[in-house]
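Everything below concerns the one structure shown next.
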Amino acid sequence: MIVAFSGGPDSTALLLSLTNLQERFPLTLIAAHLNHMTRGKESQKDEEF
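Residues in the sequence shown are numbered consecutively from -4, following the numbering used here.
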């Protein structure tokens, strides 16, 4: 499953929830992040996270 991940609190919560579901279901998770570079250094920090 490919999960869009911005690095913000909503997508972090979603990714952590799906990670917890891996204990019950055979999920392969891939976090996909696209750095639009619209928020300067914040965008870079999100990408590194």
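The beta carbon of each residue, even a glycine, is placed where N, CA and C say it ideally should be.
Inter-residue Cα distance where the pair is residue i and residue j
i, j, result
"K36", "L24", "27 Å"
"L16", "P4", "18 Å"
"A(-1)", "S6", "7 Å"
"E43", "R19", "29 Å"
"L10", "L29", "16 Å"
"M(-4)", "G2", "17 Å"
"K40", "A26", "15 Å"
Option in the options with minimal Cα separation from residue i
i, options, result
"P21", "V(-2), L13 and S6", "L13"
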